[in-house]
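Asker: One structure, pasted below without further comment.
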Amino acid sequence: MASRYLDPPRPRVLAHRGLAVEAPENTLLAFEHALAVGAGYLETDVRLTRDGVVVIAHDDTIDRVAGRSAVVADLSLADLEQIELGAGQRFCTLAAALEALPDARFNIDVKVAEAVDPVVEVIRASGSVERVLLTSFSDARRRRLAELLPGVATSTGQAGVIGVLLATWVGSPGLVRRALRGAVALQVPERFGPVRVVSRRFVRVVHAAGAEVHVWTVNDPTDMERLLDVGVDGLVSDRADLAVALVAERN
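Sequential numbering of the sequence shown, starting at 1, is according to UniProt numbering.
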């Protein structure tokens, strides 16, 4: 059965690590702020602690967010829960976030292969298959997640993005569908270095293949407007507040 993750109307605003204007990124407070301004989706990242718990964290170390040096995978959950991130926030587990925000849709980037099975267990136990999209830089990891959670929404990894990009240059929705391998969305930057990824043609061919285009990370309202004019389906943004306001104004 197909996921209902993408049922809400487009365009979508995906709050990149929540709304971290007045809260630390990837914390419950940042997620709550994003939902409060009207973001429909929470984009986040997960890793595994030393004791095998799925924790929300983007970097492999805590250096940038905690001001001290340590590797996430070398710390237990108890260790991480002692670390103050600011605004009264601490590291949060995926299970706790899904429980605390039962109506939120999560876009989850699984950062390490070791987290695949534990992530699947958390999503199954919380009954959250319909409200999560799973992605990974690794296409093999993304496909494994899809195998373990039939019907879950996914977006392509790097190899899939390259395959789709080549297929769109040919202009073949069939080749795009093959490169997508069941993914319902393509989440890409507007450019890879000097190579433009997102164009009207790109969006048109991906749509013809039955998938959506979400662009990261878009923080300038001028860029948001231009991309929406091209026809993209979602904006992944650090400024969900600005993106939500722009979408509302356009509607």
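Cβ coordinates follow ideal geometry from the N, Cα and C atoms, glycine included.
This one's a predicted model, so the numbers in the text were calculated from it and none came from an experiment.
Can Leu29 and Gln82 be called in contact, C-beta distance under 8 Å?
Answerer: no
Asker: Kindly indicate which three-state DSSP category Glu212 falls into: helix, strand or coil?
Answerer: strand
Asker: Glu43 lies in the beta strand (DSSP E); which residues open and close that run?
Answerer: Tyr41 to Leu48
Asker: Taking the alpha carbon of Glu43 as the point to measure from, which residue in Glu25, Ala125, Val164 and Asp51 has its own alpha carbon closest?
Answerer: Glu25
Asker: Spell out a yes or no on whether the region 112-123 and the region 139-159 are touching, meaning 3 or more CB-CB pairs, one atom from each, closer than 8 Å.
Answerer: yes
Asker: What separation, rounded to the nearest whole angstrom, lies between the Cα atoms of Glu84 and Phe31?
Answerer: In a straight line, the C-alpha of Glu84 is about 17 Å away from that of Phe31.
Asker: Please state if the CB of Val176 and the CB of residue 252 are separated by a distance shorter than 8 Å.
Answerer: Since the first residue shown for the chain is 1 and the last is 251, residue 252 is missing from the structure and cannot be characterised.
Asker: Compute the beta-carbon to beta-carbon distance between Arg155 and Thr168, rounded to the nearest angstrom, for a pair I have assumed lies under 8 Å.
Answerer: Looking at the sequence itself, residue 155 is Ser, so the reference to Arg does not match. Going by Cβ atoms, the distance from Ser155 to Thr168 rounds to 16 Å, so no, they are not a contact pair.
Asker: Give the straight-line distance between the Cα atoms of Ala73 and Val184, rounded to the nearest whole angstrom.
Answerer: 30 Å
Asker: For Ser128, which residues in the same chain have their Cβ closer than 6 Å to its Cβ, ignoring the five residues on either side in sequence?
Answerer: Leu98
Asker: Where does Val244 fall in DSSP's three states?
Answerer: helix
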